[in-house]
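Novice: Numbering (this note's numbering), first residue to last: 7 to 75. All residues carry an ideal CB built from backbone N, CA and C; glycine is no exception. The structure follows.
Take a look at the structure:
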């Protein structure tokens, strides 16, 4: 598998498309309670060969995620 086989999702997706998954983490509040805060998201993409994969973004970090087949 070569990274050139994958479509750049920045060019292919319409602006504002919602992610397939959101990444959250608990954060302590001033009163001691915890609140879930969004720290990233994961979008579904399709390679040039028609294979599914996801792009995971957390801050400046960007990773490709593949189903384990």
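What is the C-beta distance between residue 47 and residue 28, in whole angstroms, given that I count them as a contact (C-beta under 8 Å)?
Specialist: Counting from 1 along the chain shown, the entry for residue 47 is found at position 41. Counting from 1 along the chain shown, the entry for residue 28 is found at position 22. Right, their Cβ atoms sit about 5 Å apart.
Novice: I'd like to know whether the C-beta atoms of residue 52 and residue 42 end up nearer to each other than 8 Å.
Specialist: Taking the first residue of the chain shown as 1, we reach residue 52 at position 46. Taking the first residue of the chain shown as 1, we reach residue 42 at position 36. It is not a contact, given that the beta carbons lie outside the stated cut-off.
Novice: For the region 30-54, which segments carrying the beta strand (DSSP E) assignment without a break, of at least 3 residues, lie completely within its bounds, in sequence order?
Specialist: 40-52
Novice: Is residue 59 helix, strand or coil by DSSP?
Specialist: For the purposes of this step, residue 59 is taken as residue 53 along the chain shown, with counting starting at 1. The answer is strand: DSSP assigns residue 59 an E or B state.
Novice: Quick check: what's the CA-CA separation for residue 59 versus residue 38?
Specialist: As a position in the chain shown, residue 59 is number 53, starting the count at 1. As a position in the chain shown, residue 38 is number 32, starting the count at 1. If you take the alpha carbons of residue 59 and residue 38, they lie about 38 Å apart.
Novice: Between the Cα of residue 49 and those of 32, 63, 75, spot the shortest distance and give me the residue it belongs to.
Specialist: Against the chain shown, residue 49 aligns to sequence position 43. Measuring from the Cα of residue 49, the nearest candidate turns out to be 63.
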